[in-house]
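S.K.:
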Amino acid sequence: MTKRRVTVSVPEDVAETLEQQPNASAYVAQAVRDRRRMDEFRALMADAGVQLTEQGMAEARARRLQVQAQWPHERYDAVRDRVRQHMQDEADDASRPAA
């Protein structure tokens, strides 16, 4: 993978978070990839005529928290871990050069 050095200025709270990371570059790279995926998702939804709003996302979050409260902690952790692994696998696949 090609690497470039980029210097950025960040707010104090972000700097504190980065200082706590064992690999701040990897942390930032993953955050940018996550944001890019969310931007792509929003664009896909907009193309399909679905507008994501703060209110709609807040309502979905509230529904998710209600379901989460009903699940045993182990079940929630297992599902969360599977989703995270799937997202990481997709990110890894997307960053690999095409053969």
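Position 31, counted from 1, in the sequence shown is what UniProt numbering calls 31; the numbers after and before it change by one each time, with no gaps. Built from N, CA and C at the ideal position, the CB exists for glycine as well.
(1) Please report how far the alpha carbon of valine 28 lies from the alpha carbon of aspartate 47, in whole angstroms.
(2) Three-state secondary structure (DSSP) at alanine 94?
(3) At what residues does the alpha helix (DSSP H) containing threonine 17 begin and finish?
(4) Determine the DSSP secondary structure at alanine 62, reduced to helix, strand or coil.
(5) Where do the N-terminal and C-terminal ends of the alpha helix (DSSP H) with serine 9 fall, by residue?
(6) How close, in whole Å, do the beta carbons of arginine 33 and alanine 78 come, if the pair is a contact with beta carbons under 8 angstroms?
M.R.: The answer reads as follows:
(1) 29 angstroms
(2) helix
(3) 12-19
(4) helix
(5) Unbroken run through serine 9: none, as it is neither H nor E.
(6) Incorrect: roughly 24 angstroms between the Cβ atoms, too far for contact.
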